[in-house]
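K.L.:
Take a look at the following structure, please.
In the working numbering, the protein residues as written are 13 to 259.
Structure (structure tokens):
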């Protein structure tokens, strides 16, 4: 089987399902596993893949993500006769279903089932533990200039919510609303998670926001974006990581 993956988390999943050797194309942003992806041809970014080159590679299947990738690129591949499998899980249940679906498509159902069961078991454990704790109000920021947060309709928020978090921007009609420091201050979250991707937040940005909002510096936490936003074989560890942030 010849595979192309246009989403970093799905590339990692392909390797963990034992089909890494079948990859003939990945994006410039596919970085895990390091040694594995180093041997695979890069076919552009998630938002600007080299569609013509992907077609030339004659893949049996292209794995895509509805958020990371553009609909126009998916349509172009389909028009060229390329089969795609695209997904967008918004929570752990959706991620387990996605893993099973990809496992079936790659003839790795047994390996996929092990990952999916791990996701479901950890999710249930974390949810049960959260019932015994006082909820923690949080904001999860993904971008600077403009400042942008995650609403409840996002994978990262769902991980933090199931661990006992309450998203102060949960009800936004936009998945990633723009916010101002004043709005963040008025929302008064007990913790502000600054994600390391897509914007690479650092300690200096936490200090900046603390000054702009007047919120205590200790409320600002740099959060690993890969564990909180990569859905797939990284999700089991992401579930526990989210719980450690909220707990």
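In this text, a Cβ means the ideal position worked out from N, Cα and C, and glycines have one as well.
Note that the coordinates shown come from a computational prediction; the quantities given were computed from them, not determined experimentally.
By a C-beta neighbour count over all protein chains shown, 10 Å radius and 16 as the cutoff for buried, is residue 134 buried or exposed?
P.N.:
By one-based count along the chain shown, residue 134 stands at place 122. It is buried - the Cβ of residue 134 has at least 16 other Cβ atoms within 10 Å.
K.L.:
The alpha helix (DSSP H) that contains residue 3, what's its start and end?
P.N.:
Because the chain here runs from 13 to 259, residue 3 falls outside it and cannot be looked at.
K.L.:
Give me the DSSP bridge partner(s) of residue 155.
P.N.:
Walking along the chain shown from the start, residue 155 turns up at place 143. Answer is 160.
K.L.:
Do residue 37 and residue 66 have their C-beta atoms closer together than 8 Å?
P.N.:
Indexing the chain shown from 1 puts residue 37 at position 25. Indexing the chain shown from 1 puts residue 66 at position 54. Yes. Within cutoff.
K.L.:
Can you tell me which of 96, 251, 98, 196 puts its alpha carbon nearest to the alpha carbon of residue 226?
P.N.:
For this step, residue 226 is matched to residue 214 along the chain shown. Ranking 96, 251, 98, 196 by Cα distance to residue 226 puts 196 first.
K.L.:
Within 10 angstroms of its Cβ, does residue 131 collect 16 or more other Cβ (buried), or is it exposed?
P.N.:
By 1-based counting over the chain shown, the position of residue 131 is 119. By the neighbour-count rule (16 or more Cβ atoms within 10 Å), residue 131 is buried.
K.L.:
Measuring only the C-alpha atoms, how far is residue 156 from residue 193?
P.N.:
As a first step, residue 156 must be located in the chain shown, where it is residue number 144. As a first step, residue 193 must be located in the chain shown, where it is residue number 181. Approximately 11 Å between the Cα atoms of the pair.
K.L.:
Starting from residue 67, follow the alpha helix (DSSP H) in both directions and report where the run begins and ends.
P.N.:
Looking up residue 67 in the chain shown gives position 55. That run of the alpha helix (DSSP H) goes 63 to 68.
K.L.:
Round the Cβ separation of residue 202 and residue 149 to the nearest angstrom and send it over; I've been treating them as touching at under 8 Å.
P.N.:
As a working note, residue 202 is residue 190 in the chain shown. As a working note, residue 149 is residue 137 in the chain shown. At roughly 5 Å, the Cβ-Cβ gap stays under 8 Å, so residue 202 and residue 149 are in contact.
K.L.:
Assign residue 122 to one of three DSSP states: helix, strand, or coil.
P.N.:
In the chain shown, the residue the question calls residue 122 occupies position 110. DSSP places residue 122 in helix when its eight states are reduced to three.
K.L.:
Would you list the residues sitting across from residue 232 in a DSSP beta bridge?
P.N.:
By 1-based counting over the chain shown, the position of residue 232 is 220. Answer is 204.
K.L.:
Run the CB neighbour count on residue 60, radius 10 Å, all protein chains shown included, and call it buried at 16 or more, exposed below.
P.N.:
Reading the chain shown from its first residue, position 48 is the one you call residue 60. Looking at its Cβ environment, which holds fewer than 16 other Cβ atoms inside 10 Å, residue 60 is exposed.
K.L.:
Return the residue from the list 245, 259, 205 that minimises the CA-CA distance to residue 233.
P.N.:
In the chain shown, residue 233 corresponds to position 221, counting from 1. Closest by alpha carbon: 205.
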